[in-house]
Structure formats: C-alpha cells, structure tokens
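This report refers to the structure that appears directly beneath it.
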Amino acid sequence: LQYNTSTGKWEVSTTHTSRKTLGLGGETSMGSSGSILLVNSGGTVMDYVDDVSTIGAFVDNGQEALTTGDKGHRVLDTNCEVIGWTVTGNVTGDATWGLKYAVSGGWPTLTSITPAVGYVPSLSSKPWDHKTISGTNWNKRHFNAGDIVQFSLSSSSGLSQSSITLHLRRTP
144 LQYNTSTGKW
154 EVSTTHTSRK
164 TLGLGGETSM
174 GSSGSILLVN
184 SGGTVMDYVD
194 DVSTIGAFVD
204 NGQEALTTGD
214 KGHRVLDTNC
224 EVIGWTVTGN
234 VTGDATWGLK
244 YAVSGGWPTL
254 TSITPAVGYV
264 PSLSSKPWDH
274 KTISGTNWNK
284 RHFNAGDIVQ
294 FSLSSSSGLS
304 QSSITLHLRR
314 TP
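Just so we're aligned: the sequence shown equals residues 144 to 315 in our numbering.
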C-alpha cells in the first residue's frame, strides 16, 4: 500500500517493499496489538496508533461527604486491556476506588480486581492522580467484549465529588 502523489490516492502494490510494510512477507512493520492504521487529515501519511477508549464512574453527593459502596458498572463493548487509570476529586482530599468484574453472561457474580501495591486507583491529599499500568500491576487487566466492570468507592475523606476513569486499549 503506497500513496501515489500523482493521483493523490492510496494504491495497492505487490512489490517486496509494500508486502513487507503490510506484514505480508519478510519482516513486518505492523503496529502492536491494539493498534489501528490511521491516515492523517491530509490523507497522505499512515501510522499505527493505539485504539484507546475510557470507561468510568462519577459520584456527586452535593455538599455532603461522599459515601462508600458500589457506584456503578459498565459493560465492555470490545476486547481490551486496562492500561491506566485517573482518579479526580472536587478538592484536595482522599479517595480509594475498588474494582470488580463479571465475565460475559456471569453477572451478578463478581470477582475482585487486585492491584499491586502502588497501583490502587486512589487520591492521597490531592485532587487528581493518574497511573499507567502494565504487566502484573493488576491481577486482571485483559477483558472480553461483554465483560462487566463494577466501580466501588472503598474510602473517602474531604470530598463531595470523585471520579474514576479506566484507560483501555482495544485488543484482538
């Protein structure tokens, strides 16, 4: 696949170089798992980028302190892996979020997601925090379409609002 500057169109070619670029023979330059081939706005450059999305929960208790407990769940629409999280609060404060999941068709039976030390979605004396996760930072990071993730506020202090956002990368 190559861009023809004369015609202004992408064209399929059968040269060794184009087969190699597409991963059809020899070494490949295919994107990593969860990547998509993106064409720039001018239509002349293609590059592999992560196919990412987010899911999350937001709680608002008005002027009162947040209460703990289950705060919502989301059904995943694609196979994916969690690659990070962001937690926010309306002011500097503390919040710790817990996560559970159910396999597709297994609701309401839930299993806890156990983060490693330092990877628990939380705030500690600040209004915002983010963490990138990979490998074994969580005991469960890979999910299938139809799986359900449940969000629970485990503890909170000094906040009347908080949110959790999970950053997801689509996988085959």
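Glycine included, every Cβ here is placed at the ideal spot set by N, Cα and C. For clarity, every value in this text was computed on a predicted model and none was experimentally measured.
Burial state of residue i, where buried means 16 or more other Cβ atoms lie within 10 Å
| i | result |
| --- | --- |
| phenylalanine 294 | buried |
| tryptophan 271 | exposed |
| alanine 200 | buried |
| serine 149 | exposed |
7 Å CB neighbourhood of residue i in its chain, flanking five on each side removed
| i | result |
| --- | --- |
| threonine 254 | Lys243, Tyr244 |
| threonine 211 | Leu296, Ser297, Ser298, Ser299 |
| valine 234 | Pro270, Gly301, Leu302 |
| threonine 252 | Ala245 |
Contact check, residue i vs residue j, beta carbons under 8 Å
| i | j | result |
| --- | --- | --- |
| serine 360 | glutamate 207 | Outside the shown range of the chain (144 to 315) lies residue 360, about which nothing can therefore be said. |
| alanine 238 | leucine 296 | yes |
| glycine 227 | histidine 273 | yes |
| leucine 123 | valine 202 | Look at the range of the chain in this structure, 144 to 315, and you will see that residue 123 is not part of it. |
Own chain residues within Cβ distance below 6 Å of residue i, not counting five before or after
| i | result |
| --- | --- |
| proline 258 | Trp281 |
| isoleucine 198 | Arg217, Leu309 |
Reduced DSSP secondary structure (H/G/I, E/B, other) of residue i
| i | result |
| --- | --- |
| aspartate 272 | strand |
> What are the complete beta strand (DSSP E) segments, minimum 3 residues, inside the stretch 188 to 265?
Replying inline: 189 to 193, 195 to 203, 212 to 218, 223 to 245
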